[in-house]
Amino acid sequence: MNDNQKIQYIEKIYQKLSKNLKSCTLCPRNCQINRLNNELGYCGQGKKIKIYSSFLHFGEEPPISGKRGSGTIFFSGCSLRCAYCQNYKFSQQPKGEVVEEEDLARIMVDLAKNNAENINLVTPAHFLPQILKALKISWEKGLKLPIVYNGSGYEQKETVEALEPIIDSWLIDFKYISSETAKNYSNSPRYPHLVKNTLSYLYKQKNGQNKLNKGQIPPIIIRHLILPGHIDETRRILTWIKKNTPQAWISVMSQYQPYFKAKEFAKINRTLNLKEYNQIKKLVEVLGLRGWLQEFKPQENLAGVHFKKGKREL
Ligand code: SF4
5 MNDNQKIQYI
15 EKIYQKLSKN
25 LKSCTLCPRN
35 CQINRLNNEL
45 GYCGQGKKIK
55 IYSSFLHFGE
65 EPPISGKRGS
75 GTIFFSGCSL
85 RCAYCQNYKF
95 SQQPKGEVVE
105 EEDLARIMVD
115 LAKNNAENIN
125 LVTPAHFLPQ
135 ILKALKISWE
145 KGLKLPIVYN
155 GSGYEQKETV
165 EALEPIIDSW
175 LIDFKYISSE
185 TAKNYSNSPR
195 YPHLVKNTLS
205 YLYKQKNGQN
215 KLNKGQIPPI
225 IIRHLILPGH
235 IDETRRILTW
245 IKKNTPQAWI
255 SVMSQYQPYF
265 KAKEFAKINR
275 TLNLKEYNQI
285 KKLVEVLGLR
295 GWLQEFKPQE
305 NLAGVHFKKG
315 KREL
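For the sequence shown, our numbering begins at 5 and goes up steadily by one.
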């Protein structure tokens with residue numbers, strides 16, 4: 005798509021998705037509340053965009069941060085709300101600043117002026133119509149940066165399909181593969197089914213584009229945070245990736261900290277231990293997956309912020 009076609013396309017999907025706000029089904033929670041009247045659903049967010057922070061992020065995966073930093077925008081609220089959320093301060097507590105679409109567009113343009121490598125939208129699902137409007141404004145102002153969709157994996161199929169043509173890189177979490185674990189920690193037994201469908205669809209769409217030239221960003225990066233006491237979950241996830249999306253890039257993270265409500269679950273109320281880490285490291289090598297694995301530094305308080313230092317290419 006050329007720039008004009010992209011602007012026309014985004015207007016079309018904005019019109020379609022913005023209708024959702026009246027009876028919100030933007031994510032699989034399907035709350036069907038009227039966010040235009042500021043009713044709050046599971047994500048805790050109403051009509052207006054709320055942003056916790058925007059900055060040049062040097063701690064994302066190497067091709068996302070690049071040399072100049074990823075133009076990262078952290079949105080407040082989340083529709084998944086994991087018990088151990090590593091970003092709970094703004095995803096589950098009412099922190100952040102309410103902004104208009106024009107303000108968000110200005111933030112994007114400012115990130116570009118500050119030499120950002122890309123625009124990195126973190127957990128955007130519950131604000132998608134507003135974000136699309138802001139993106140359209142910023143594109144009309146000449147923004148040309150690649151767009152990174154940095155999501156939890158808890159996405160609506162129709163939304164992913166609508167966005168696919170305008171997203172340059174899908175950075176998608178794969179948190180759980182068993183419904184029981186997904187129910188325990190994120191109150192979403194359907195999560196594994198949804199994330200597998202999303203990744204399979206994206207992989208099919210982006211098939212053949214996984215060889216990177218210098219400076220390019222991967223079309224799909226699958227991120228997985230290893231949970232302590234759940235090594236078999238990680239084993240099954242990595243095995244699924246090997247079988248179903250073998251050329252996707254992976255990012256395996258070991259930085260888990262027992263934040264937020266983790267203390268209510270004995271199994272995850274600690275950091276990862278070295279034995280668990282080594283098991284996963286070995287598995288990643290045996291499977292021959294490509295991407296990045298964080299080094300074993302669970303004591304560092306880096307969760308959700310910086311993890312570049314701990315990453316190495318597989
Ligand atoms: S985006 Fe929020 S209000 Fe809408 S369906 Fe999801 S959780 Fe509910």
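Glycine included, every Cβ here is placed at the ideal spot set by N, Cα and C.
Let me make sure I understand the geometry here. Which of the options has the alpha-carbon closest to that of residue i?
i	options	result
Phe-269	Ile-221, Asn-188 and Asn-119	Asn-188
Glu-299	Ser-258, Glu-43, Lys-271 and Val-290	Ser-258
Asn-1	Ser-192, Trp-253, Phe-78 and Lys-140	Here the chain covers residues 5 to 318 and nothing more, so residue 1 does not appear.
Ile-123	Phe-59, Ile-11, Ser-80 and Asn-34	Phe-59
Ile-225	Gly-48, Leu-203 and Lys-208	Leu-203
Ala-166	Tyr-205, Glu-43, Ala-266 and His-234	Tyr-205
Ile-284	Leu-231, Ser-156 and Ala-252	Leu-231
Ala-252	Asn-277, Tyr-281 and Leu-291	Leu-291
Trp-143	Pro-128, Ser-173, Glu-159 and Glu-106	Glu-106
Asp-172	Tyr-207, His-197 and Tyr-158	Tyr-207
Pro-222	Leu-21, Lys-16, Pro-67 and Cys-31	Pro-67
Asn-118	Thr-249, Asn-41, Trp-244 and Leu-149	Leu-149
Apart from the five residues on each side of it in sequence, which residues of its chain come closer than 8 Å, Cβ to Cβ, to residue i?
i	result
Val-103	Lys-52, Ile-53, Lys-54, Ile-55 and Ile-111
His-228	Asp-177, Phe-178, Lys-179, Thr-238, Ile-241, Leu-242, Ile-254, Ser-255, Val-256 and Met-257
Gln-329	Residue numbering for the chain in the displayed model covers 5 to 318; residue 329 lies beyond these limits and cannot be assessed.
Lys-99	Tyr-56, Ser-80 and Lys-93
Lys-71	Glu-121
Ala-186	Lys-179, Tyr-180, Ser-192, Pro-193, Arg-194, Tyr-195 and Pro-196
Is residue i buried or exposed, if buried means 16 or more other CB atoms sit within 10 Å of its CB?
i	result
Gly-50	buried
Gln-19	exposed
Lys-137	buried
Arg-85	buried
Gly-73	buried
Ser-192	buried
Glu-121	buried
Val-164	buried
Val-126	buried
Val-152	buried
Val-199	buried
Gln-36	exposed
Glu-184	exposed
Gln-220	exposed
Pro-196	buried
Glu-162	exposed
Pro-128	buried
Met-5	exposed
Lys-140	buried
Does DSSP put residue i in a helix, a strand or coil?
i	result
Lys-286	helix
Lys-131	The question names Lys, but residue 131 is Phe in the sequence shown. Here Phe-131 sits in helix by DSSP.
Ile-111	helix
Ile-176	strand
Phe-94	helix
Arg-33	coil
Ser-80	coil
Gln-261	coil
Ile-235	helix
Gln-298	strand
Asn-154	strand
Lys-52	coil
If I measure Cβ to Cβ from residue i and keep anything under 7 Å in the same chain, skipping five residues before and after, which residues do I get?
i	result
Leu-147	Met-112, Val-113 and Ala-116
Ser-57	Phe-78
His-61	Ser-69, Gly-73, Ser-74, Thr-76 and Asn-124
Leu-287	Arg-239 and Leu-242
Ile-170	Lys-10, Tyr-13, Ile-14 and Ile-151
Please report the straight-line C-alpha distance between residue i and residue j, rounded to a whole angstrom.
i	j	result
Tyr-92	Gly-81	9 Å
Phe-178	Leu-108	28 Å
Arg-274	Gln-261	7 Å
Arg-33	Gly-45	9 Å
Tyr-263	Gln-96	12 Å
Ala-87	Pro-133	27 Å
Ile-11	Lys-279	51 Å
Ser-156	Asn-8	30 Å
His-310	Trp-296	Here His-310 scores only 36 on pLDDT, less than 50, and its place in the model is too uncertain to base an answer on.
Tyr-13	Ala-266	42 Å
Glu-317	Asn-211	Residue placement at Glu-317 is poorly supported in this model, since its pLDDT is 49, which falls under 50; the coordinates still yield a value, given next. Rounded to whole angstroms, Glu-317 to Asn-211 spans 22 Å at the Cα level.
Can you name, in chain order, every residue of its own chain whose Cβ lies under 6 Å from the Cβ of residue i, other than the five neighbours on each side?
i	result
Arg-39	Leu-25, Cys-28, Gly-50 and Lys-51
Trp-174	Tyr-153, Leu-206 and Ile-224
Cys-89	Ser-95, Gln-96 and Phe-264
Ser-22	Pro-133
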